[in-house]
Amino acid sequence: MTGQNQGTDIIAALDHVTRTIEGTRRTTVTIVDDISMQLKRDRITALLGPSGSGKSTLIKIISGLQKPTSGEVIFNGVPLAAPTSKISIAFQNFALFPWLTVFENVAIVLEAKGTDRQEIKEKALKILDTIGLDGFEDAYPKELSGGMKQRVGFARSLIVEPELLCMDEPFSALDILTAENLRREFIDLWMDRKLPTKAILLVTHNIEEAVFFADECIILSKNPGRIRANISIGLPHKRNTESDEFKMFLDMIYQILTNPEAEAESIQSKFFVTREKYQMLPNAKPGAIAGLLELVFERGGEEDIYKLSDELQMEVDDILPIVDACVLLQFVRVTEGDITLTEQGKEFVTADILERKVSFSRQAMENVDLVKQTIRFLRAKKNLRLHEDFIEEYLSKFFTPEEAKRQLEIAITWGRFGELFSYDASTGELSIEEPAANNAHP
Amino acid sequence: MLSIELKKYQHLWIDLSFIVILAGIVYLLIQVYINLIVPFKPLSHISLSPIALIKYSAYSTIRMCAAYGLSLVFAIGYGYSAARTRFGDVVMVPLLDVLQSIPVLSLMPAIVLFFISLFPRSNCGLEIAAIVMIFTAMAWNMAFSVYQSLKAVPNDLDYVSRIYQFSRGRKFVSLELPYSSIALIWNSMMSFAGGWFFLSVNEAFVLGKHSYMLQGIGAYMSVAQGKGDGRAMVYSLIAMGIIIALIDRLLWKPLIVWSGKFKIEDTTAGHEPESLVLDYLRRLTVLRALRRFSSKVRERASLHRAYTGVRDRVIGVVAPVLRPAGILALVGVTAAVLFGIYRSAYILFNLSGKDLVYIATSALLTFARVVATILIGVLWAVPVGVYIGMRKRLATKLQPLIQFFASYPAPMLYPLALLFLGAAHVGLGIGSILLMLLGTQWYILYNTVSGAMSLSDDLIGVTRIFSIKGFTLWKKVIIPAIAPQLITGIITAAGGAWNASIVAEYVLYRNKIIHTRGIGTLLNTAIEHNNFHLLFGGTFAMILIVVLINMTVWKRLYRKVSQLSQLES
Numbered sequence: 397m398t399g400q401n402q403g404t405d406i407i408a409a410l411d412h413v414t415r416t417i418e419g420t421r422r423t424t425v426t427i428v429d430d431i432s433m434q435l436k437r438d439r440i441t442a443l444l445g446p447s448g449s450g451k452s453t454l455i456k457i458i459s460g461l462q463k464p465t466s467g468e469v470i471f472n473g474v475p476l477a478a479p480t481s482k483i484s485i486a487f488q489n490f491a492l493f494p495w496l497t498v499f500e501n502v503a504i505v506l507e508a509k510g511t512d513r514q515e516i517k518e519k520a521l522k523i524l525d526t527i528g529l530d531g532f533e534d535a536y537p538k539e540l541s542g543g544m545k546q547r548v549g550f551a552r553s554l555i556v557e558p559e560l561l562c563m564d565e566p567f568s569a570l571d572i573l574t575a576e577n578l579r580r581e582f583i584d585l586w587m588d589r590k591l592p593t594k595a596i597l598l599v600t601h602n603i604e605e606a607v608f609f610a611d612e613c614i615i616l617s618k619n620p621g622r623i624r625a626n627i628s629i630g631l632p633h634k635r636n637t638e639s640d641e642f643k644m645f646l647d648m649i650y651q652i653l654t655n656p657e658a659e660a661e662s663i664q665s666k667f668f669v670t671r672e673k674y675q676m677l678p679n680a681k682p683g684a685i686a687g688l689l690e691l692v693f694e695r696g697g698e699e700d701i702y703k704l705s706d707e708l709q710m711e712v713d714d715i716l717p718i719v720d721a722c723v724l725l726q727f728v729r730v731t732e733g734d735i736t737l738t739e740q741g742k743e744f745v746t747a748d749i750l751e752r753k754v755s756f757s758r759q760a761m762e763n764v765d766l767v768k769q770t771i772r773f774l775r776a777k778k779n780l781r782l783h784e785d786f787i788e789e790y791l792s793k794f795f796t797p798e799e800a801k802r803q804l805e806i807a808i809t810w811g812r813f814g815e816l817f818s819y820d821a822s823t824g825e826l827s828i829e830e831p832a833a834n835n836a837h838p
Numbered sequence: 002m003l004s005i006e007l008k009k010y011q012h013l014w015i016d017l018s019f020i021v022i023l024a025g026i027v028y029l030l031i032q033v034y035i036n037l038i039v040p041f042k043p044l045s046h047i048s049l050s051p052i053a054l055i056k057y058s059a060y061s062t063i064r065m066c067a068a069y070g071l072s073l074v075f076a077i078g079y080g081y082s083a084a085r086t087r088f089g090d091v092v093m094v095p096l097l098d099v100l101q102s103i104p105v106l107s108l109m110p111a112i113v114l115f116f117i118s119l120f121p122r123s124n125c126g127l128e129i130a131a132i133v134m135i136f137t138a139m140a141w142n143m144a145f146s147v148y149q150s151l152k153a154v155p156n157d158l159d160y161v162s163r164i165y166q167f168s169r170g171r172k173f174v175s176l177e178l179p180y181s182s183i184a185l186i187w188n189s190m191m192s193f194a195g196g197w198f199f200l201s202v203n204e205a206f207v208l209g210k211h212s213y214m215l216q217g218i219g220a221y222m223s224v225a226q227g228k229g230d231g232r233a234m235v236y237s238l239i240a241m242g243i244i245i246a247l248i249d250r251l252l253w254k255p256l257i258v259w260s261g262k263f264k265i266e267d268t269t270a271g272h273e274p275e276s277l278v279l280d281y282l283r284r285l286t287v288l289r290a291l292r293r294f295s296s297k298v299r300e301r302a303s304l305h306r307a308y309t310g311v312r313d314r315v316i317g318v319v320a321p322v323l324r325p326a327g328i329l330a331l332v333g334v335t336a337a338v339l340f341g342i343y344r345s346a347y348i349l350f351n352l353s354g355k356d357l358v359y360i361a362t363s364a365l366l367t368f369a370r371v372v373a374t375i376l377i378g379v380l381w382a383v384p385v386g387v388y389i390g391m392r393k394r395l396a397t398k399l400q401p402l403i404q405f406f407a408s409y410p411a412p413m414l415y416p417l418a419l420l421f422l423g424a425a426h427v428g429l430g431i432g433s434i435l436l437m438l439l440g441t442q443w444y445i446l447y448n449t450v451s452g453a454m455s456l457s458d459d460l461i462g463v464t465r466i467f468s469i470k471g472f473t474l475w476k477k478v479i480i481p482a483i484a485p486q487l488i489t490g491i492i493t494a495a496g497g498a499w500n501a502s503i504v505a506e507y508v509l510y511r512n513k514i515i516h517t518r519g520i521g522t523l524l525n526t527a528i529e530h531n532n533f534h535l536l537f538g539g540t541f542a543m544i545l546i547v548v549l550i551n552m553t554v555w556k557r558l559y560r561k562v563s564q565l566s567q568l569e570s
């Protein structure tokens, strides 16, 4: 959400990075193979992969702790030669000095840079305050819970104001509730721009964590680690983990990870690449559509959506699919929250029930792809009959199985209302009624 | 109100007592200094009165502490260079192996003659020589400990130091030294005990026609033994026990408790050790005020700048010189080593056939004794050590006792052991195995206990849950888990046993020397007869055997075993 206007601002990049190690009996084992990726300003990139995918190796290479066997790390436009505090790491097991207090653990990295003591004190207290460690300055790590320890880890990696913050499984050593809580706090701080870093790289094996944080999610294969997919997650941050979109991403990534042999793109395309290509029907019954149109007509053919929802005592979210359906069928136009009836809309409202069906079927045939496609399928058959599973199968190329089912249901409801085709629920068969088809096809 | 008043007075008492203790230490140091500047007197008079023994005990303790301080500085410096420089693993560690296997007796003539010639007119030279000899019993082992710790610094913490670009000094102070300190402190206790071991040799010895004696508890023991004065021997045994107990309470216990904060495993599980002395020191208002003052000083920006300014200037002056100096030193050392090799070869080739046979048979005999010692030590100390180490509460209870026995210099018990051997009609040929065992078994026990203690509670829990018992438990869990430490213990014990042969094969008893053939006897007679060729030949044979066995057996085993435990993490 944030980075889109500055999408080309690359903080760090991996350029065809490969790392191999000496195995037993003079073999070489490839840990990561030909990895190229970019870490952009204001973006959180997640590296997701099973164990053995070289995630930790990649983080060490990006931070300069390990040298790639071939390829290089580009940081701020130049090859990275050695570790720098501009690329800091938060570790899975915190990596705190047990013999130093919280304050000292955080302050030491500035001391190492030779920062003035007064400044160290100010900065340390500020970051500890931001990260929720106020009052724990003099505690030793062993007195803290896991969550608090990781806060210290975050504070230490942030006090240097890095350009890139790498996080190596930062929540995996914590219990679920603590992790959940810390994740939310962390993303809040990130969105409020309170974290002094320009970009974040998150290494994780937790799909939900990746979908929750990432603007871009890179999925690695294992043995060796190669990039399988690079998925852009365009959901606005402070994501609702219960939302359909969130679950869709979870489902998709889950399928990619559990099918290591499959082509990641084909799985992806099932979920959402072609989804944009295929028109999506809003879930609205014809009766509801007619009701809305009548209501608008009674108010002079023009009304504010919010006012409408208010009067109907319906949530805007509930009314929107109906409005969307009316827009799709070109019965109304929506401009800046106002609904206006079109000519077709007025014609529909003022007609009697039979004329309404004709009007509806015409609009559906003109505007609704799935209805058109269904008719085409039916015509192609000699007996003009077709089982619903055939269309569902066709839809599964574009939608998740669940959504495909729902789309078909909507199309059938609309088609039956417009008497474009009929449907036998007991057999699951669709068939064309010749006269209606003739009517609809001038 | 009242309690507040009391607390106030408590602090007063604590501070007052500290001042008294401090005064006592200063007085002792002055005494030592006076002792040092007396005219050269190789053969100090030793009184066998118990009152004099108190003074002697203090002198010996100060000598030990001085040697320990020296060893500490050396160990940290050497261990650090060995772990962090390019040639460390190749040159410095093998050299340490060699140094560790040189018996103090072989170095004695060189050390004593060198320092006496350095201070021909005062007793200073002899004192320093004694300290340096004690040093040779402590330093090598401690340096190894530092080296090993530095090689095992946790990866994550090392990464932190690299990411945030810690300077070498900062990394050393904030990471490497704290991390090494726990192992170093435990090792120090052992090395300190090693120092007591040779005290009687180092305080009273014969070099050719000259006899030397320094005032100290070791010399007291020698004199008592020589005169067959049973009462004095008992006095010295008791005094030694008191010193060891005191040093344990006043030095090691507080250090161990204090070093608890350097533990990496950061769960506060189980029993936290306590130390009254540490509590006492922590309560000192004097020290607390000092700490507050120093932290305030450090916070002063201007002072900090001044400090870094001075530091940078010093570095600026020293740094350019450092490299040429290093190269010069390297060249010097190489030249010395080459010359040494040439001289050694010369001496070795000029040894008579009779001498060579004598050296070979002696070395073989001692070798057999060392093997027997280790076998017996392992057979009893490993089961006992595991039993103790796996029961943390028992271990914490028994540790003081084990430490006491381990620290007690075995040679002081030799008269008792000889009485027993005499009664059992066992000759010194076999009996010296018992004498060697008295000193070295503790190394095995020590390391086994610490190995077993490092078995994680989780691992012990798993064995309980799945009732892994008996042979499987030992073969699959315990032995692999304690193996690295056990092997370290055996290496040290073997080295100790070789060294102990010097005092175990050649014993002064009731003013009479009892001896049996072996490398220890060979070295002793060589020194007594000023036969440096034989001394060198014997030493060379000993180094050769010890280093060869270390390299071919123990090091390989250790590498295998530690690789296994590395895979685990």
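Chains as they are written, first to last, in the numbering used here: chain G, 397 to 838; chain H, 2 to 570. Every residue gets a Cβ at the ideal spot worked out from N, C-alpha and C, and that includes glycine.
Cutoff 8 Å; reference residue i; Cβ partners in own chain excluding five residues on either side
{"i": "Met65/H", "result": "Ile135, Phe193, Gly196, Trp197 and Leu200"}
{"i": "Ile15/H", "result": "Tyr281, Arg284, Leu285 and Thr286"}
{"i": "Asp785/G", "result": "Gly824"}
{"i": "Glu690/G", "result": "Val745"}
Presumed contact (8 Å Cβ cut-off) between residue i and residue j, rounded CB distance
{"i": "Lys482/G", "j": "Glu559/G", "result": "5 Å"}
{"i": "Ser102/H", "j": "Gly496/H", "result": "6 Å"}
{"i": "Phe567/G", "j": "Ala575/G", "result": "4 Å"}
{"i": "Ile623/G", "j": "Met433/G", "result": "7 Å"}
{"i": "Gly814/G", "j": "Thr770/G", "result": "Actually they do not touch by this definition, with Cβ atoms about 12 Å apart."}
{"i": "Asp411/G", "j": "Ile455/G", "result": "Between Ile455/G and Asp411/G the Cβ distance is about 16 Å, and since that is not below 8 Å, they are no contact."}
Residue i at chain H interface by Cβ criterion, 8 Å
{"i": "Phe487/G", "result": "yes"}
{"i": "Pro717/G", "result": "no"}
{"i": "Val474/G", "result": "no"}
{"i": "Ala508/G", "result": "yes"}
{"i": "Pro566/G", "result": "no"}
{"i": "Ser481/G", "result": "yes"}
Nonlocal neighbours in the same chain, by C-beta distance under 6 Å from residue i, ignoring five residues either side
{"i": "Ser665/G", "result": "none"}
{"i": "Met214/H", "result": "Leu44, Ser45, Ala205 and Ala220"}
C-beta neighbour in chain G for residue i, strict 8 Å
{"i": "Ser168/H", "result": "yes"}
{"i": "Tyr160/H", "result": "yes"}
{"i": "Leu365/H", "result": "no"}
{"i": "Ser175/H", "result": "yes"}
{"i": "Met2/H", "result": "Reliability fails at Met2/H, whose pLDDT of 46 lies under 50, so the model's placement of it is uncertain and the value that follows must be treated cautiously. Chain G contact via Cβ: absent."}
{"i": "Arg571/H", "result": "It is not possible to answer for residue 571/H, since the shown part of chain H is limited to 2 through 570."}
{"i": "Ile316/H", "result": "no"}
{"i": "Arg1/H", "result": "Residue 1/H falls outside the range modelled here, since chain H spans only 2 to 570, and no answer is possible."}
Listed by chain order, chain A residues near residue i by CB distance under 7 Å
{"i": "Pro179/H", "result": "Among the protein chains in the structure shown, which are G and H, there is no chain A."}
Check: residue i C-beta below 7 Å from any heavy atom of the ligand MN
{"i": "Ser50/H", "result": "Among the components of this structure there are no ligands whatsoever, and the ligand MN is therefore not found."}
Contact set for residue i: own chain, Cβ-Cβ below 7 Å, skip 5 residues either direction
{"i": "Val427/H", "result": "none"}
Counting only Cβ-Cβ distances shorter than 7 Å, please list the residues of the stretch 597-608 of chain G near chain H, keeping chain order. none
Can you pull out the residues from the stretch 455-471 of chain G whose beta carbon lies closer than 7 Å to at least one beta carbon of chain H? Ser459 and Leu461
Hey, which unbroken runs of the beta strand (DSSP E) at 3 residues or more fall wholly within the stretch 481-522 of chain H? 507-510 and 513-516
Return the residues of the stretch 552-563 of chain G that lie within a Cβ-Cβ distance of less than 7 Å from chain H, sorted by chain order. Val556
Cβ-based contacts, 7 Å cut-off: residues of the stretch 125-157 of chain H near chain G: Asp157
Could you tell me which uninterrupted alpha helix (DSSP H) segments, each at least 4 residues in length, are contained entirely in the stretch 670-712 of chain G, listed from first to last along the chain? 682-694 and 701-708
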